[in-house]
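Chains A and D are the protein sequences, given in the same order.
Be aware that the first sequence starts at 33, since it is given in this note's numbering, and climbs by one per residue.
Be aware that the second sequence starts at 33, since it is given in this note's numbering, and climbs by one per residue.
The beta carbon of each residue, even a glycine, is placed where N, CA and C say it ideally should be.
All of these numbers come straight from a predicted model, not from anything done at the bench.
Notes to accompany the following structure.
Number of protein chains: 2
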Amino acid sequence: MLSALDLARRIDAGTLTPSAVIELCDQAIVAREAAVGAFTTLDLAGARRRAADDALKGAPLHGLPVGFKDIIDTADLPTEYGSPIYAGNRPRADAALVAMTMRAGGVMLGKTVTTELAHLQPGKTRNPHNPAHTPGGSSSGSAAAVAAGMLPVAFGTQTGGSVIRPAAFCGVAGFKPSYKLLPMVGVKCFSWHLDTAGTFAAGVADVAFATAAVTGRDLRVDRGKPVAPRIALTRTHLWPEASEAMKGAVETAARLAAAAGAHVSEVVLPPILEDAWRAQATIQDYEAFRALAFEYDRHRDRIAAITRKLLDHAATITAEDYDAARRTTKRARQALADLMAGADVMLTPSAPGAAPDLGSTGSAMFNRLWTLMGAPCVNVPGLFDEARLPLGVQIVGRFGRDRAALEAALFVEAAIADRP
Amino acid sequence: MLSALDLARRIDAGTLTPSAVIELCDQAIVAREAAVGAFTTLDLAGARRRAADDALKGAPLHGLPVGFKDIIDTADLPTEYGSPIYAGNRPRADAALVAMTMRAGGVMLGKTVTTELAHLQPGKTRNPHNPAHTPGGSSSGSAAAVAAGMLPVAFGTQTGGSVIRPAAFCGVAGFKPSYKLLPMVGVKCFSWHLDTAGTFAAGVADVAFATAAVTGRDLRVDRGKPVAPRIALTRTHLWPEASEAMKGAVETAARLAAAAGAHVSEVVLPPILEDAWRAQATIQDYEAFRALAFEYDRHRDRIAAITRKLLDHAATITAEDYDAARRTTKRARQALADLMAGADVMLTPSAPGAAPDLGSTGSAMFNRLWTLMGAPCVNVPGLFDEARLPLGVQIVGRFGRDRAALEAALFVEAAIADRP
Numbered sequence: 033m034l035s036a037l038d039l040a041r042r043i044d045a046g047t048l049t050p051s052a053v054i055e056l057c058d059q060a061i062v063a064r065e066a067a068v069g070a071f072t073t074l075d076l077a078g079a080r081r082r083a084a085d086d087a088l089k090g091a092p093l094h095g096l097p098v099g100f101k102d103i104i105d106t107a108d109l110p111t112e113y114g115s116p117i118y119a120g121n122r123p124r125a126d127a128a129l130v131a132m133t134m135r136a137g138g139v140m141l142g143k144t145v146t147t148e149l150a151h152l153q154p155g156k157t158r159n160p161h162n163p164a165h166t167p168g169g170s171s172s173g174s175a176a177a178v179a180a181g182m183l184p185v186a187f188g189t190q191t192g193g194s195v196i197r198p199a200a201f202c203g204v205a206g207f208k209p210s211y212k213l214l215p216m217v218g219v220k221c222f223s224w225h226l227d228t229a230g231t232f233a234a235g236v237a238d239v240a241f242a243t244a245a246v247t248g249r250d251l252r253v254d255r256g257k258p259v260a261p262r263i264a265l266t267r268t269h270l271w272p273e274a275s276e277a278m279k280g281a282v283e284t285a286a287r288l289a290a291a292a293g294a295h296v297s298e299v300v301l302p303p304i305l306e307d308a309w310r311a312q313a314t315i316q317d318y319e320a321f322r323a324l325a326f327e328y329d330r331h332r333d334r335i336a337a338i339t340r341k342l343l344d345h346a347a348t349i350t351a352e353d354y355d356a357a358r359r360t361t362k363r364a365r366q367a368l369a370d371l372m373a374g375a376d377v378m379l380t381p382s383a384p385g386a387a388p389d390l391g392s393t394g395s396a397m398f399n400r401l402w403t404l405m406g407a408p409c410v411n412v413p414g415l416f417d418e419a420r421l422p423l424g425v426q427i428v429g430r431f432g433r434d435r436a437a438l439e440a441a442l443f444v445e446a447a448i449a450d451r452p
Numbered sequence: 033m034l035s036a037l038d039l040a041r042r043i044d045a046g047t048l049t050p051s052a053v054i055e056l057c058d059q060a061i062v063a064r065e066a067a068v069g070a071f072t073t074l075d076l077a078g079a080r081r082r083a084a085d086d087a088l089k090g091a092p093l094h095g096l097p098v099g100f101k102d103i104i105d106t107a108d109l110p111t112e113y114g115s116p117i118y119a120g121n122r123p124r125a126d127a128a129l130v131a132m133t134m135r136a137g138g139v140m141l142g143k144t145v146t147t148e149l150a151h152l153q154p155g156k157t158r159n160p161h162n163p164a165h166t167p168g169g170s171s172s173g174s175a176a177a178v179a180a181g182m183l184p185v186a187f188g189t190q191t192g193g194s195v196i197r198p199a200a201f202c203g204v205a206g207f208k209p210s211y212k213l214l215p216m217v218g219v220k221c222f223s224w225h226l227d228t229a230g231t232f233a234a235g236v237a238d239v240a241f242a243t244a245a246v247t248g249r250d251l252r253v254d255r256g257k258p259v260a261p262r263i264a265l266t267r268t269h270l271w272p273e274a275s276e277a278m279k280g281a282v283e284t285a286a287r288l289a290a291a292a293g294a295h296v297s298e299v300v301l302p303p304i305l306e307d308a309w310r311a312q313a314t315i316q317d318y319e320a321f322r323a324l325a326f327e328y329d330r331h332r333d334r335i336a337a338i339t340r341k342l343l344d345h346a347a348t349i350t351a352e353d354y355d356a357a358r359r360t361t362k363r364a365r366q367a368l369a370d371l372m373a374g375a376d377v378m379l380t381p382s383a384p385g386a387a388p389d390l391g392s393t394g395s396a397m398f399n400r401l402w403t404l405m406g407a408p409c410v411n412v413p414g415l416f417d418e419a420r421l422p423l424g425v426q427i428v429g430r431f432g433r434d435r436a437a438l439e440a441a442l443f444v445e446a447a448i449a450d451r452p
């Protein structure tokens with residue numbers, strides 16, 4: 033994989049150029065893209081032109097190449113939302129996230145595969161670790177492109193678990209920041225209270241570097257030794273749904289972090305958070321029926337069956353159900369804040385296990401609650417199952433404490449990497 | 033003016049058809065549009081075709097014609113955001129609000145004039161009460177079209193005061209619901225924590241009817257006598273900025289409401305709300321610099337000077353300033369909730385006075401705080417200054433208590449209308 037931070041340091045040191053990085057990506061693309069299928073559109077010619085621009089010198093992103101999930105609008109490349117309804121769609125403007133990335137000195141290399149409308153119907157992408165397995169969804173291409181070394185940085189979005197889950201399945205770092213830390217302007221909406229943009233890169237320090245560069249926020253975690261965090265191991269009511277390998281991965285991560293000096297305790301979530309987990313689906317579906325009203329009412333036959341079925345069901349959710357789910361959310365956020373007063377972060381599975389076979393994109397069950405809470409989440413890579421498929425563990429931070437979440441994730445990542 | 037509720041009742045009674053309503057609008061358009069300039073695009077032919085559809089029978093909006101501010105995406109009509117950057121722009125999809133309006137049996141009659149990118153650069157619209165005066169902004173055309181009897185219902189948006197202010201200047205009812213009650217999917221973004229869609233119609237019962245129809249929520253206030261509300265007269269720290277006529281209007285409204293049976297008290301806002309008023313500008317501008325990054329970075333010369341100047345300034349706002357403004361907002365919301373425990377609504381000016389001359393769109397100073405608070409606001413029409421220009425008074429409700437805000441506004445509206 034290409035470490036964004038390592039590349040940036042080499043560019044800073046004058047031993048590498050943005051143009052040379054494009055060629056590194058191109059080599060990986062030549063070698064891997066046919067089997068992985070991470071991109072909907074590649075613009076190597078445009079990227080080569082932009083990477084040669086002297087104005088990139090000293091820019092926060094150093095001229096590094098970046099990919100965007102194809103539900104993120106780009107004025108210079110097609111944006112089809114993974115849906116035949118949008119075949120050939122070419123937005124008039126870049127999404128805010130794209131324009132901010134360019135502003136920060138990023139070079140757009142291409143658009144990455146999304147599931148249809150960022151829901152569950154898979155695209156063409158395969159897991160770089162085993163092509164018989166899903167890369168996860170809905171940000172399938174962004175996770176797979178980074179995992180295959182074809183891009184150092186890619187952006188995606190999460191409504192249920194669409195950043196953390198594919199990052200876990202592909203064995204890369206995935207960072208879903210606090211709700212609205214990355215703007216959603218110009219990103220195809222599924223659920224406006226949930227949709228959250230996030231960052232994929234090789235390791236935790238790399239996602240922190242890229243997110244810091246794009247936002248101008250103090251999120252970098254590569255300057256100095258991370259402080260040992262207070263970690264609350266959180267099994268949640270879904271623990272029985274996790275595979276034995278995943279249970280082992282979370283417990284291994286906890287043990288290694290403790291051995292490295294972290295204070296590890298265990299918390300049991302109060303019942304209101306299980307209620308909130310259920311409320312996430314109500315909010316998501318109620319909003320999707322409205323956010324996708326145009327597609328559902330005018331192009332119903334061109335929506336995949338799995339998405340159509342969701343929207344058929346969503347039509348029956350009442351405003352009262354939705355308002356009750358919103359009230360539950362508010363109470364759950366308060367309960368979570370109280371619960372986390374004694375810890376910096378929680379440690380919990382990123383997914384029920386390793387990537388399942390192609391055909392589904394896996395389950396977001398271990399992600400939905402944290403998306404609803406607006407909490408920063410980081411997939412920490414480094415562990416594998418017996419079949420050498422990645423197993424991701426998840427660090428969940430407190431709302432607005434994104435840097436603390438990244439620091440703790442870096443600590444756990446290092447503890448895993450340095451294990452005897 | 034055309035009362036949406038009255039038209040709907042006549043359609044229900046079989047004494048009017050949706051097609052006949054289109055002709056009523058057309059007559060007003062022929063008589064007034066040349067002088068008022070409320071529309072960017074009119075689609076009378078399309079509206080006539082859709083109004084003849086039998087499927088509209090029994091639909092919540094009864095086949096009534098509706099206009100949409102031209103920052104709201106429409107697949108069937110151009111959407112130019114009031115900006116030359118978007119000349120000829122034709123979105124691929126309808127905004128959620130448009131699709132929901134169609135779903136509810138609305139008939140799109142046209143797009144209404146917005147200021148450039150919903151900021152301060154005026155469009156062509158003039159005040160229907162006096163063409164030398166502004167209709168207000170940024171939802172200029174929506175307010176003016178309703179005031180001139182050219183439409184019974186129109187939608188707009190408010191980031192500072194862009195629903196309540198033009199409604200006040202044009203002498204119509206304007207309803208800015210609680211934040212996100214109407215979805216913003218497919219609406220050009222200026223500031224994602226502030227932008228709020230709202231409804232224009234002849235009277236308070238009409239905005240309630242139309243918003244209820246589109247959302248499927250229990251917001252109608254036309255079924256039974258309104259209960260006398262507890263009203264807190266709120267002068268705010270901006271009271272010295274209000275004209276004598278406006279001060280008189282607010283005090284008259286309070287007196288008439290009290291005479292009609294309302295319990296009227298007076299509240300002084302705690303200092304945190306003045307801090308929040310200032311924080312609104314920080315949040316708005318910080319987000320606008322990102323939401324409009326594409327326009328600013330790629331088409332700077334095609335942005336009006338007043339907007340360019342705002343964005344030049346916005347570039348200097350730091351993430352720390354922004355985060356502090358967000359924290360202030362959170363504390364202010366709590367303080368406001370505490371303050372309003374003893375009242376149903378507040379009564380305060382909708383604007384500093386009547387509509388100023390053309391050249392500006394007036395000031396949003398009396399609106400910005402309430403937009404930031406996410407509180408439902410209603411402009412109550414019915415009072416005028418000595419020059420016969422409308423003076424609007426504003427009812428501000430508690431977040432999520434939209435129906436109570438509308439009921440109180442209806443009560444005040446009736447008290448004004450029934451004055452001796």
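Self-check item: Cβ contact (3+ pairs, closer than 8 Å) linking the stretch 170-184 of chain D and the stretch 356-372 of chain D
Solution: no
Quiz prompt | chain C within 9 Å of Thr350/A, Cβ atoms only | solution = Of the protein chains in this structure, namely A and D, none is chain C.
Quiz item: Any beta-carbon of chain A closer than 9 Å to the one on Gly414/D?
Solution: The residue labelled residue 414/D in the question sits at position 382 within the second sequence. So no, Gly414/D is outside the interface.
Quiz item: In chain D, what lies closer than 9 Å to Lys212/A by C-beta?
Solution: Within the first sequence, residue 212/A is the residue found at index 180, counting from 1. Residues of chain D passing the Cβ test: Trp224 and His225.
Exercise. State the start and end residues of the unbroken alpha helix (DSSP H) segment that holds Cys202/A.
Key: Position 170 of the first sequence, counted from the start, is the residue given in the question as residue 202/A. From DSSP, the alpha helix (DSSP H) with Cys202/A extends over Ile196 to Cys202.
Quiz item: Would you say Gly453/D reaches chain A, if we count a Cβ-Cβ gap shorter than 9 Å as a contact?
Solution: Outside the displayed range of chain D (33 to 452) lies residue 453/D, so it cannot be described from this structure.
Quiz item: Hey, how far is the Cα of Ala40/A from the Cα of Val53/A?
Solution: Mapped onto the first sequence, residue 40/A falls at position 8. Mapped onto the first sequence, residue 53/A falls at position 21. So the alpha carbons of these two residues sit roughly 10 Å apart.
Quiz item: Which value, in whole angstroms, describes the spacing of the CA atoms of Ala440/D and Phe187/A?
Solution: The residue you call residue 440/D lines up with position 408 of the second sequence. The residue you call residue 187/A lines up with position 155 of the first sequence. So the alpha carbons of these two residues sit roughly 47 Å apart.
Practice problem: In angstroms with no decimal places, state the Cα-to-Cα distance between Ala447/A and Ala285/A. | Solution: Residue 447/A sits at position 415 when you count from the first residue of the first sequence. Residue 285/A sits at position 253 when you count from the first residue of the first sequence. So the alpha carbons of these two residues sit roughly 8 Å apart.
Exercise. State the Cα-Cα distance for the pair Leu324/D and Gly293/D, rounded to the nearest angstrom.
Key: Residue mapping note: residue 324/D aligns to position 292 of the second sequence, counting from 1. Residue mapping note: residue 293/D aligns to position 261 of the second sequence, counting from 1. Each residue's Cα considered, the two are about 48 Å apart.
Quiz item: Since Pro408/D contacts Asp434/D with CB under 8 Å, what's their CB separation in whole angstroms?
Solution: For the purposes of this step, residue 408/D is identified with residue 376 of the second sequence, where counting begins at 1. For the purposes of this step, residue 434/D is identified with residue 402 of the second sequence, where counting begins at 1. Confirmed, Cβ separation roughly 4 Å.
Quiz item: Looking at C-alpha atoms only, which residue of Ala364/D, Lys341/D, Thr72/D and Met378/D is the closest neighbour of Val425/D?
Solution: For the purposes of this step, residue 425/D is identified with residue 393 of the second sequence, where counting begins at 1. Out of Ala364/D, Lys341/D, Thr72/D and Met378/D, Met378/D has the C-alpha closest to the C-alpha of Val425/D.
Quiz item: For Ile335/A, which of helix, strand or coil comes out of DSSP?
Solution: Translated into positions along the first sequence, residue 335/A becomes position 303. Coil.
Practice problem: Please list the partners that Tyr118/A has in chain D, where partner means a Cβ-to-Cβ separation under 9 Å. | Solution: What you label residue 118/A is simply residue 86 of the first sequence in a count that begins at 1. Ordered by position in chain D, the residues that pass the 9 Å Cβ test against Tyr118/A are Arg124 and Ala125.
Quiz item: Would you report the Cα separation of Asp376/D and Val145/D, rounded to the nearest angstrom?
Solution: Here residue 376/D refers to the residue found at position 344 when the second sequence is read from its first residue. Here residue 145/D refers to the residue found at position 113 when the second sequence is read from its first residue. Roughly 34 Å between the two C-alpha positions.
Quiz item: What in chain A is Cβ-close to Thr247/D, meaning under 8 Å?
Solution: Reading the second sequence from its first residue, position 215 is the one you call residue 247/D. Here the neighbours are Ala351.
Quiz item: Asp434/D touches chain A at which residues, Cβ-Cβ below 8 Å?
Solution: Taking the second sequence and counting its residues from 1, one reaches residue 434/D at position 402. Those within 8 Å of Asp434/D in chain A number zero; the least Cβ separation is about 11 Å.
Quiz item: Beta-carbon separation of Thr360/A and Ala308/A under 9 Å?
Solution: As a position in the first sequence, residue 360/A is number 328, starting the count at 1. As a position in the first sequence, residue 308/A is number 276, starting the count at 1. Contact flag set, yes.
Self-check item: Nearest to Asp254/D (by Cα), restricted to the options Glu55/D, Ala107/D, Phe443/D and Asp44/D
Solution: Within the second sequence, numbered from 1, the residue matching residue 254/D stands at position 222. Checked all of Glu55/D, Ala107/D, Phe443/D and Asp44/D; the closest Cα to Asp254/D is Phe443/D.
Quiz item: Under 9 Å, do Phe207/A and Val178/A count as touching if we go by C-beta distance?
Solution: As a position in the first sequence, residue 207/A is number 175, starting the count at 1. As a position in the first sequence, residue 178/A is number 146, starting the count at 1. No; because the gap between Cβ atoms is not below 9 Å, this pair is not in contact.
Exercise. Could you check what DSSP says for Cys221/A in three-state terms: helix, strand or coil?
Key: Against the first sequence, residue 221/A aligns to sequence position 189. The answer is coil: DSSP assigns Cys221/A none of H, G, I, E or B.
Exercise. Could you list the residues in the stretch 318-329 of chain A with a C-beta less than 9 Å from some C-beta on chain D, going in chain order?
Key: Glu319, Arg322, Ala323, Leu324, Ala325, Phe326, Glu327, Tyr328 and Asp329
Quiz prompt | Proximity below 9 Å, CB of Pro110/A to CB of Leu141/A | solution = One-based indexing of the first sequence puts residue 110/A at position 78. One-based indexing of the first sequence puts residue 141/A at position 109. No, the pair does not count as a contact, with Cβ atoms beyond the cut-off.
Quiz item: With burial defined as no fewer than 16 other Cβ atoms inside 10 Å of the residue's Cβ, what is the status of Ala289/D: buried or exposed?
Solution: One-based indexing of the second sequence puts residue 289/D at position 257. Looking at its Cβ environment, which holds 16 or more other Cβ atoms inside 10 Å, Ala289/D is buried.
Quiz item: Going along chain D in order, which residues have a C-beta closer than 9 Å to the C-beta of Pro408/A?
Solution: What you label residue 408/A is simply residue 376 of the first sequence in a count that begins at 1. Per Cβ cutoff of 9 Å: no residues; Pro408/A is ~14 Å from chain D at best.
Quiz item: Is Arg287/D helix, strand or coil when you go by DSSP?
Solution: Here the question's residue 287/D lines up with position 255 in the second sequence. Helix, per DSSP.
Self-check item: Residues near Ala347/A by beta carbon distance below 8 Å, same chain, minus five either side
Solution: Within the first sequence, the letter at position 315 stands for residue 347/A. Same-chain partners within the cutoff: Phe321.
Quiz item: Can the beta-carbon of Leu34/A be found less than 9 Å from the beta-carbon of Leu183/A?
Solution: As a first step, residue 34/A is located in the first sequence; it is residue number 2 there, counting from the start. As a first step, residue 183/A is located in the first sequence; it is residue number 151 there, counting from the start. The answer is yes: Cβ separation under 9 Å.
Quiz prompt | Below-9 Å beta-carbon distance, Asp417/D vs any chain A residue | solution = What you label residue 417/D is simply residue 385 of the second sequence in a count that begins at 1. Taking Cβ atoms only, chain A never reaches closer than 9 Å to Asp417/D, which makes this a no.
Quiz item: With a Cβ-Cβ cutoff of 9 Å, do Ala131/D and Asp85/A count as a contact?
Solution: Here residue 131/D refers to the residue found at position 99 of the second sequence. Here residue 85/A refers to the residue found at position 53 of the first sequence. Not a contact, by the Cβ cut-off of 9 Å.
Quiz item: With DSSP run on the structure shown, which of helix, strand or coil describes Ser51/A?
Solution: Start at 1 with the first residue of the first sequence, and residue 51/A comes out as number 19. Correct three-state label for Ser51/A: helix.
Quiz item: How many whole angstroms separate the CB atoms of Val239/D and Ala281/D, which I take to be in contact at a CB cut-off of 8 Å?
Solution: Translated into the one-based positions of the second sequence, residue 239/D becomes position 207. Translated into the one-based positions of the second sequence, residue 281/D becomes position 249. That pair is no contact at about 19 Å.
Exercise. Below 8 Å on the Cβ atoms is my guess for Arg124/D versus Ala107/D; work out the distance and round it to an integer in Å.
Key: Indexing the second sequence from 1 puts residue 124/D at position 92. Indexing the second sequence from 1 puts residue 107/D at position 75. The Cβ separation is near 6 Å, so the contact holds.
Exercise. Check each candidate in Asp102/D, Leu214/D, Thr231/D and Gly230/D and name the one with the smallest Cα separation from His225/A.
Key: Along the first sequence, read from residue 1 onward, the residue named residue 225/A stands at position 193. Closest by alpha carbon: Leu214/D.
Exercise. Could you name the residues of chain D that Ala107/A contacts, counting a contact when the two beta carbons are closer than 9 Å?
Key: Here the question's residue 107/A lines up with position 75 in the first sequence. What Ala107/A touches in chain D: Phe326 and Arg330.
Quiz prompt | Minimum Cβ-Cβ distance from Pro215/A to chain D less than 9 Å | solution = In the first sequence, residue 215/A corresponds to position 183, counting from 1. True, the Cβ-Cβ gap to chain D drops below 9 Å.
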